[in-house]
Amino acid sequence: MTNPPQSSNITITKDSAFSVKINRFLALLQRLLSNPTTVIGLIIIGLMLSMAIFAPWITTANIPDPYQMPRDWGAVRKPPGEMGYLLGTTNEGGDVFYGIVWGSRTSLQLSIYVVGSTMIIGTIIGSIAGLLGGWVDEVLMRIVDVFLSIPELIFALAIAAVLGPSFTNIIIALSLVIWVKYARIMRAQVLQIKQNDFVDAARIVGDSKFNIYIKDILPNAVTPVTVQATLDMGNVVLIGATLSFIGLSEAGIAEWGVLVSEGQAGIASGRWWASTFPGLMIFLWALAFNLLGDGLRDALDPRLEDR
Amino acid sequence: MPNNQFENNVLAKVKDLKVHFNSKRGVVHAVDGVDFEILNGETLGLVGETGCGKSVTGRSFLRLLPIPPGIIKGGAVNFKANLVCTRCSGRGCSECGKSGHKTEKGEQVDLLKISDTRMREIRGDRIAMIFQDPGKALNPTLTVGAQMAEVFLQHRSLEILDMAGLGQIKNKAILRFAKQDVKLFDKILLLLPKARKQKLKVQEAVKIMVSKALSETQVPNPLKLLDRFPHELSGGMRQRVMIAQALACNPDLLIADEPTTALDVTVEARILELIRELQLKRKTSVLYISHDLSLVRRICDRVAVMYAGRIVEIGKAEEIFANPSHPYTRGLMAAVPSNGIPRGSLSAIKGTVPELIDPPDSCRFSGRCPYEVNGCRVNDPKLRKITESHSVACFINDASLSWCAPSFEEERV
Amino acid sequence: MQLRDYIIRRLMVLPILILGVSIVVFTLTRVGGSPIGIYLSHEMTPEEVLKIEERFGLDKPVLVQYIQWLKGIVSGDFGWSGVASAPVAEVFPIKLAATLELATAAGLVALFLGITLGTFAGARRNRFPDHLTRIVAVSGASLPQFWFGILLLIIFWAQLGIAPIGRSDATIFASISHPTGLYTIDAILAGSIRALWDAIWHLILPALTLGYGATAIIARMMRSALVEELQQDYVDAARAKGLAEKLVIKRHARRNALVPTITVIGLTFGFLLQGTITIEIIYRWPGIGRWMADSVLRGDQATLMTYVLFTSVLFLLVNLIVDVIYANLDRRVTLGK
Numbered sequence: 355m356t357n358p359p360q361s362s363n364i365t366i367t368k369d370s371a372f373s374v375k376i377n378r379f380l381a382l383l384q385r386l387l388s389n390p391t392t393v394i395g396l397i398i399i400g401l402m403l404s405m406a407i408f409a410p411w412i413t414t415a416n417i418p419d420p421y422q423m424p425r426d427w428g429a430v431r432k433p434p435g436e437m438g439y440l441l442g443t444t445n446e447g448g449d450v451f452y453g454i455v456w457g458s459r460t461s462l463q464l465s466i467y468v469v470g471s472t473m474i475i476g477t478i479i480g481s482i483a484g485l486l487g488g489w490v491d492e493v494l495m496r497i498v499d500v501f502l503s504i505p506e507l508i509f510a511l512a513i514a515a516v517l518g519p520s521f522t523n524i525i526i527a528l529s530l531v532i533w534v535k536y537a538r539i540m541r542a543q544v545l546q547i548k549q550n551d552f553v554d555a556a557r558i559v560g561d562s563k564f565n566i567y568i569k570d571i572l573p574n575a576v577t578p579v580t581v582q583a584t585l586d587m588g589n590v591v592l593i594g595a596t597l598s599f600i601g602l603s604e605a606g607i608a609e610w611g612v613l614v615s616e617g618q619a620g621i622a623s624g625r626w627w628a629s630t631f632p633g634l635m636i637f638l639w640a641l642a643f644n645l646l647g648d649g650l651r652d653a654l655d656p657r658l659e660d661r
Numbered sequence: 002m003p004n005n006q007f008e009n010n011v012l013a014k015v016k017d018l019k020v021h022f023n024s025k026r027g028v029v030h031a032v033d034g035v036d037f038e039i040l041n042g043e044t045l046g047l048v049g050e051t052g053c054g055k056s057v058t059g060r061s062f063l064r065l066l067p068i069p070p071g072i073i074k075g076g077a078v079n080f081k082a083n084l085v086c087t088r089c090s091g092r093g094c095s096e097c098g099k100s101g102h103k104t105e106k107g108e109q110v111d112l113l114k115i116s117d118t119r120m121r122e123i124r125g126d127r128i129a130m131i132f133q134d135p136g137k138a139l140n141p142t143l144t145v146g147a148q149m150a151e152v153f154l155q156h157r158s159l160e161i162l163d164m165a166g167l168g169q170i171k172n173k174a175i176l177r178f179a180k181q182d183v184k185l186f187d188k189i190l191l192l193l194p195k196a197r198k199q200k201l202k203v204q205e206a207v208k209i210m211v212s213k214a215l216s217e218t219q220v221p222n223p224l225k226l227l228d229r230f231p232h233e234l235s236g237g238m239r240q241r242v243m244i245a246q247a248l249a250c251n252p253d254l255l256i257a258d259e260p261t262t263a264l265d266v267t268v269e270a271r272i273l274e275l276i277r278e279l280q281l282k283r284k285t286s287v288l289y290i291s292h293d294l295s296l297v298r299r300i301c302d303r304v305a306v307m308y309a310g311r312i313v314e315i316g317k318a319e320e321i322f323a324n325p326s327h328p329y330t331r332g333l334m335a336a337v338p339s340n341g342i343p344r345g346s347l348s349a350i351k352g353t354v355p356e357l358i359d360p361p362d363s364c365r366f367s368g369r370c371p372y373e374v375n376g377c378r379v380n381d382p383k384l385r386k387i388t389e390s391h392s393v394a395c396f397i398n399d400a401s402l403s404w405c406a407p408s409f410e411e412e413r414v
Numbered sequence: 044m045q046l047r048d049y050i051i052r053r054l055m056v057l058p059i060l061i062l063g064v065s066i067v068v069f070t071l072t073r074v075g076g077s078p079i080g081i082y083l084s085h086e087m088t089p090e091e092v093l094k095i096e097e098r099f100g101l102d103k104p105v106l107v108q109y110i111q112w113l114k115g116i117v118s119g120d121f122g123w124s125g126v127a128s129a130p131v132a133e134v135f136p137i138k139l140a141a142t143l144e145l146a147t148a149a150g151l152v153a154l155f156l157g158i159t160l161g162t163f164a165g166a167r168r169n170r171f172p173d174h175l176t177r178i179v180a181v182s183g184a185s186l187p188q189f190w191f192g193i194l195l196l197i198i199f200w201a202q203l204g205i206a207p208i209g210r211s212d213a214t215i216f217a218s219i220s221h222p223t224g225l226y227t228i229d230a231i232l233a234g235s236i237r238a239l240w241d242a243i244w245h246l247i248l249p250a251l252t253l254g255y256g257a258t259a260i261i262a263r264m265m266r267s268a269l270v271e272e273l274q275q276d277y278v279d280a281a282r283a284k285g286l287a288e289k290l291v292i293k294r295h296a297r298r299n300a301l302v303p304t305i306t307v308i309g310l311t312f313g314f315l316l317q318g319t320i321t322i323e324i325i326y327r328w329p330g331i332g333r334w335m336a337d338s339v340l341r342g343d344q345a346t347l348m349t350y351v352l353f354t355s356v357l358f359l360l361v362n363l364i365v366d367v368i369y370a371n372l373d374r375r376v377t378l379g380k
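Chains as they are written, first to last, in our numbering: chain A, 355 to 661; chain B, 2 to 414; chain C, 44 to 380.
Following this line, the structure appears as structure tokens:
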């Protein structure tokens with residue numbers, strides 16, 4: 355009771371630095387999970403992922419290519435529940451439920467390929483521009499500006515169009531469009547962090563440019579890139595499905611956008627199910643990653659950390 | 002004091018005011034039982050460090066508190082507005098007599114309990130406020146004229162209509178326009194040629210009132226100022242606009258929340274002078290909130306020292322500066338540079354302001370106090386009078402205070 | 044002075060960006076397949092193919108081809124659209140009018156709803172309107188527009204039978220002339236209430252479908268900007284004058300919150316532009332979006348190139364205008380603070 359409020363001695367050791375990191379991570383996790391909408395997003399993502407992983411156990415895989423819709427010409431245009439088709443069938447006798455389950459795999463592939471590749475390419479190009487500066491920066495950023503001048507979907511549509519209709523080409527087209535976002539984020543981060551005091555301090559201590567980059571700049575840039583990547587996981591599936599819907603995938607592939615397109619023909623005759631369910635999946639997928647991305651952004655916001 | 006009524010010379014009385022804030026770490030007792038009075042026509046200085054609750058206390062008069070997270074936990078802010086002639090706002094007219102003086106007292110109200118509508122009638126009319134940073138307190142997207150017009154339209158619409166020669170007008174749309182309560186349908190009605198002419202007349206009258214109010218703050222070319230945006234003015238000019246706006250309706254009480262902190266020292270003196278002059282002319286009471294003791298000494302009649310959500314000492318300015326009786330007040334004074342004190346002998350009070358989350362029932366200054374005695378950490382000192390006009394919340398009386406050697410010089414600045 | 048420099052610098056970069064886009068577009072069409080694929084069929088002999096290639100100048104070096112294409116564009120020759128069986132330059136304005144009408148209607152819906160919802164939500168934080176706006180904002184960003192449009196069609200067209208499809212009723216269309224190509228304007232010009240009603244009736248569903256996502260963008264920005272503004276001193280100063288809360292929000296906070304909200308208008312415009320592609324497919328709307336989709340599937344490269352170039356230039360211009368307006372307003376704000 356009587357001890358005066360003297361400042362207590364704080365000693366920092368490597369050990370405590372590590373535990374600080376762990377504590378910070380736990381605090382982040384706590385902040386994430388305290389937000390109900392983020393939890394909803396995580397639950398949906400969890401369900402989607404398990405659907406993708408356990409697809410062969412949920413439905414019998416189509417032979418030889420499970421990503422191709424099985425056609426049961428004896429059960430065309432069946433409403434949900436009839437003839438054992440849980441969510442009905444399409445005009446061409448495709449099982450909507452099968453399409454949804456295997457479509458989650460297609461979507462997962464699309465988002466992982468696109469986000470993974472663009473994150474790497476964008477990060478590298480953005481870092482080079484930011485670190486080297488000068489004319490390299492100037493040229494790279496002008497290219498980025500040109501790419502950003504064309505609306506996302508229209509650009510992807512144009513690329514996919516000249517490459518020819520196939521799901522792989524959609525992945526390529528999206529990758530060519532999306533990478534600029536990461537290049538931009540990364541360059542801004544590098545420039546911003548380059549000006550911070552601790553990088554100056556590192557320079558005075560005599561660290562090489564590359565070391566400074568790896569040790570100080572890269573870890574700090576993780577936050578905005580992660581948030582963007584999370585949002586893009588949903589976003590690219592949305593655009594990809596739109597391209598498929600327009601008709602830039604192979605017909606008959608188990609992909610949600612293709613299924614919506616296939617079901618569209620039947621709505622005049624009251625066959626609502628073939629479009630509704632696959633579209634709902636696209637919506638839920640994008641929604642889940644948007645919720646998680648928003649939650650991440652809030653949780654990682656340094657302004658909120660002290661509260 | 003029978004029936005809780007004021008003495009005649011009292012304008013407002015704060016009783017046991019408690020304002021708390023909910024935060025994630027607990028309840029912050031920002032203002033925790035504050036008592037004081039504001040007398041008619043006086044300047045009361047409210048002094049203290051950042052975060053001691055002085056701004057919150059000041060804003061309580063206008064109920065401008067962020068609620069939630071804030072909660073008014075208890076107490077009362079009693080206020081007896083002077084009845085003013087609604088036609089001329091006390092400037093003197095045929096109806097209220099040429100004196101223009103505020104003679105009769107109005108009813109006494111508790112500002113914390115009255116309805117929102119009643120509160121809005123008082124805001125800007127009977128109680129006005131000047132903010133710390135005039136650059137932030139003026140809307141960047143509205144012209145000076147438009148912002149100042151709002152006060153007049155809000156509280157003096159009858160006078161404006163009189164001035165515009167529309168005193169007997171029956172047109173509801175124009176009436177609502179003069180009260181800034183234009184409904185969607187009125188906008189269409191106001192497009193009619195006759196209404197438009199009347200509308201212009203009203204705007205002209207407002208313009209005259211605004212430029213008159215501005216000229217009182219010694220602004221050169223007030224008419225030219227009306228169409229300017231705040232960012233086109235200097236800091237001093239902006240604060241003059243704020244002052245003109247605050248004193249527009251001749252309020253009984255002016256809350257001045259560090260009005261010169263954001264300004265240059267050279268401008269500061271002139272602004273202070275201006276406030277003082279206008280205040281004396283209009284017999285307005287001023288609650289002057291500041292962290293600057295030397296400034297308060299210059300302009301205040303009485304001074305209240307706040308520490309950690311409480312008032313620890315209050316009294317006439319001369320008394321407080323001649324005989325500071327709370328250890329905290331003494332510490333504050335020792336930290337103020339003034340002529341005659343050699344460099345280097347300025348001192349800071351050791352330690353920091355305690356956190357106001359669930360504070361203990363003890364003297365808030367214990368732990369930092371150089372005069373601390375055993376009782377200080379167990380009991381909570383109440384304000385008690387040491388002279389008729391000077392009260393202190395401390396266990397040690399002033400005799401023993403001067404007896405003890407002050408030890409503020411421990412930490413040199 | 045600084046603002047003028049800023050505008051001049053932006054204007055100088057603009058042609059460079061447009062040139063860059065044209066290079067990208069041209070490169071794309073030369074990389075994938077043949078730009079005249081639409082004219083070729085399996086029955087053609089190699090000589091015939093060569094003749095066609097010659098007609099389109101494909102035997103010349105790529106750079107020459109590019110310059111020829113650019114020259115054509117500058118002189119108003121955008122090539123021949125195989126899908127429309129007409130010169131691109133001839134069909135484009137007609138189809139563009141349809142798309143513009145749709146996008147404008149959707150944009151107006153979004154602007155009105157977005158600002159209203161955002162203001163409502165920001166002023167009533169963590170209460171019902173705020174939650175509603177959050178749902179709109181998050182769902183709007185995640186909603187596949189083509190699916191949303193189909194859902195609306197299932198309900199209002201297929202099931203209830205109250206919503207029309209297409210752009211107008213054939214007999215009503217024939218009853219008036221169409222000088223502008225914007226059917227609502229045409230109907231007003233002709234003074235035909237029946238035609239106006241028909242045009243609006245056909246517009247409602249597509250405009251709502253397209254406007255929903257844009258509403259989400261604007262509402263979200265408006266909300267956060269208003270929340271930010273409500274914490275500023277001038278809001279308390281306005282309250283201290285005795286103004287009613289309604290006036291404090293409308294005249295003071297909302298006015299300032301609109302300034303940062305302007306920045307998302309460029310984004311919203313891009314969103315509306317690309318949204319027209321699927322919306323026009325679903326609602327059989329005869330605009331450039333659906334034309335583009337058809338051209339993509341049938342290898343109509345001239346249309347594709349024109350479309351991408353045109354939308355990009357439009358997008359760039361809108362963004363430039365938005366930035367200049369914002370810089371103009373923001374200068375006031377930042378210098379004011």
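The beta-carbon is built from N, C-alpha and C at its ideal position, and this holds for glycine as well.
Source: prediction; values computed, not measured.
So what's residue i in DSSP terms, helix, strand or just coil?
i        : result
Pro252/B : coil
Tyr439/A : coil
Thr142/B : coil
Arg73/C  : helix
Met423/A : coil
Arg297/C : helix
Ser529/A : helix
Trp123/C : strand
Ile445/A : Strictly speaking, residue 445/A in this sequence is Asn, with Ile absent from that position. Coil.
Gly46/B  : strand
The beta strand (DSSP E) spanning residue i covers which residue range?
i        : result
Leu464/A : Segment 450–486 is the alpha helix (DSSP H) holding Leu464/A; no beta strand (DSSP E) there.
Tyr289/B : 286–291
Leu40/B  : 27–40
Asp17/B  : 11–24
Tyr308/B : 303–308
Nearest CA to the CA of residue i: which residue from the options?
i        : options                                : result
Thr252/C : Gln202/C, Gly192/C, Ile59/C            : Gly192/C
Ser481/A : Gln463/A, Asp652/A, Leu545/A, Asp499/A : Leu545/A
Glu314/B : Arg299/B, Arg331/B, Cys301/B           : Arg331/B
Asp126/B : Leu254/B, Ala263/B, Arg271/B, Ala196/B : Leu254/B
Ala384/C : Leu290/C, Pro329/C, Thr162/C           : Since the first and last residues shown for chain C are 44 and 380, residue 384/C lies out of range.
Val591/A : Trp427/A, Ser388/A, Leu634/A, Asn565/A : Leu634/A
Asp359/B : Leu12/B, Leu18/B, Asn9/B, Ser24/B      : Ser24/B
Under the assumption that residue i contacts residue j (Cβ atoms under 8 Å), give the Cβ distance between them as a whole number of angstroms.
i       : j       : result
Val28/B : Thr58/B : About 18 Å; that fails the 8 Å criterion.
The alpha helix (DSSP H) spanning residue i covers which residue range?
i        : result
Glu133/C : 131–166
Val207/B : 194–216
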